[in-house]
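Novice: Numbering (the UniProt record's numbering), first residue to last: 1 to 328. C-beta: ideal position from N, C-alpha, C; glycine also. Only a predicted model underlies this, so the values are computations on that prediction, with no experimental measurement involved.
(1) Tell me which residues share the same chain as residue 147 and place their Cβ nearer than 6 Å to its Cβ, disregarding the 5 neighbours each side in the sequence.
(2) Looking at C-beta atoms only, is the number of pairs between the stretch 68–88 and the stretch 240–250 that lie closer than 8 Å three or more?
(3) Three or more beta-carbon pairs under 8 Å between the stretch 21–29 and the stretch 260–277, yes or no?
(4) Assess contact between the stretch 68–75 and the stretch 127–139, defined as three or more Cβ pairs (one per stretch) separated by less than 8 Å. Is contact present?
(5) Decide if the stretch 225–244 is in contact with the stretch 39–51; the criterion is three or more beta carbon pairs, one per stretch, under 8 Å apart.
(6) Under a three-way DSSP split, which group does residue 179 fall into?
(7) By how many angstroms is the C-alpha of residue 289 removed from the C-alpha of residue 90?
(8) In whole angstroms, give me the CA-to-CA distance for residue 230 and residue 223.
(9) If you measure between the beta carbons of residue 29 and residue 273, is that distance less than 8 Å?
(10) Count the other C-beta atoms from every protein chain shown that fall within 10 angstroms of the C-beta of residue 121, then say buried if there are 16 or more, exposed otherwise.
(11) Taking 8 Å as the threshold, find out whether the stretch 111–121 comes into contact with the stretch 171–180 through three or more Cβ pairs.
(12) Using CA atoms only, rank isn't needed, just tell me which of 118, 207, 131, 164 is closest to residue 180.
(13) Pick helix, strand or coil for residue 159, following the three-state DSSP scheme.
(14) Determine the contact status of residue 295 and residue 133, defining contact as a CB-CB distance below 8 Å.
(15) With DSSP collapsed to three states, give me the class of residue 390.
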């Protein structure tokens with residue numbers, strides 16, 4: 001367990017916590033900029049490749065190593081597809097049709113998909129009344145975000161559903177990794193670097209078949225090149241290192257609460273930089289979604305006895321796909 005009786009000082013972890021939320025929240029802005037010139041698959045290929053190179057450098061500096069067990073690589077290939085290549089691409093496709101800040105809201109629905117998958121498919125958790133209530137609240141929030149009473153349809157709906165499908169991919173990848181990989185003695189850095197390497201290889205095969213040969217970087221505008229580099233090196237590489245540090249200092253549960261700040265940063269950055277606007281029901285629905293997540297995770301409506309660690313404490317960094325677990 002990562003519970004310790006002595007709480008770390010706020011100044012030791014809060015700056016990194018907020019920085020991580022800002023990095024992941026701003027990722028939706030850079031995706032929006034990137035898909036203006038790049039096919040979503042090409043954007044994802046460049047982004048994941050840059051992130052893989054970043055983590056390979058960190059891995060070498062820390063004298064860590066990649067996995068050697070073929071079975072681990074087999075499981076990681078599934079996680080690379082479900083937790084990196086497919087959702088990253090779906091967010092790109094979605095942001096061709098919807099605002100970046102709305103994509104940030106849909107990212108926050110990930111825990112709502114994780115729960116039924118963990119209970120029904122992977123059987124790593126039990127469904128309780130509290131979790132069921134939280135799940136119901138969360139999906140009610142999804143309907144409010146969609147504004148179903150107004151009637152839905154068209155490209156905007158398709159974009160929202162693509163972003164929800166991306167979050168659903170994370171919801172599959174997280175319990176899959178928890179069941180098949182999280183018990184490994186390998187570090188979270190090693191596992192995540194391997195995921196990005198595999199995702200890069202997958203995209204290098206699929207992207208040219210679907211979207212043609214990727215454009216050379218020199219043909220892109222400086223803003224798009226900068227967006228790709230920020231998404232890869234910072235949003236996928238550096239952000240993971242920060243997240244690992246947060247987990248070491250305050251534990252997995254507290255570190256995972258960055259989920260609640262990511263939509264806030266996505267909304268603020270999208271509004272300030274891209275002049276995007278939300279209709280009233282979208283932020284209201286987002287708050288209901290986050291309330292449902294909080295209830296399902298036991299942050300609301302349950303008292304914990306002093307000195308008792310939460311069930312998810314102690315889960316290693318390898319229990320999540322790299323950046324976009326709560327992220328993008």
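Specialist: Per the coordinate set shown:
(1) 281
(2) no
(3) yes
(4) no
(5) yes
(6) helix
(7) 21 Å
(8) 10 Å
(9) yes
(10) exposed
(11) yes
(12) 118
(13) helix
(14) yes
(15) Since the first residue shown for the chain is 1 and the last is 328, residue 390 is missing from the structure and cannot be characterised.
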